[in-house]
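**Student:**
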């Protein structure tokens with residue numbers, strides 16, 4: 015049998031872990047969005063290669 019203190023500690027820990035998980039998912043979704051933006055924009059390297067091929 016667990017004491018009330020143990021039960022409340024476990025509930026608190028679960029709540030903290032749940033918040034951490036939500037935060038991690040949020041950060042991951044932001045990173046995915048940024049990655050999509052980068053894929054849409056031509057990279058500087060590609061721009062440089064195009065420029066280089068045009069003029070040299």
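Numbering (the working numbering), first residue to last: 15 to 70. Glycine included, each C-beta is placed from N, C-alpha and C at the ideal position. The structure displayed is predicted, hence computed values, not measured ones.
(1) Under a three-way DSSP split, which group does residue 57 fall into?
(2) Would you tell me roughly how many angstroms separate the C-alpha atoms of residue 63 and residue 39, rounded to the nearest one?
(3) When you compare only the Cα positions, how much space is there between residue 50 and residue 34?
**Tutor:** With the given structure in hand:
(1) On the chain shown, residue 57 is found 43 positions in, with the first residue counted as 1. If DSSP states are grouped into helix, strand and coil, residue 57 belongs with coil.
(2) Here residue 63 refers to the residue found at position 49 when the chain shown is read from its first residue. Here residue 39 refers to the residue found at position 25 when the chain shown is read from its first residue. Each residue's alpha carbon lies about 36 Å from the other.
(3) Your numbering for residue 50 matches position 36 in the chain shown. Your numbering for residue 34 matches position 20 in the chain shown. Going from the Cα of residue 50 to the Cα of residue 34 covers about 24 Å.
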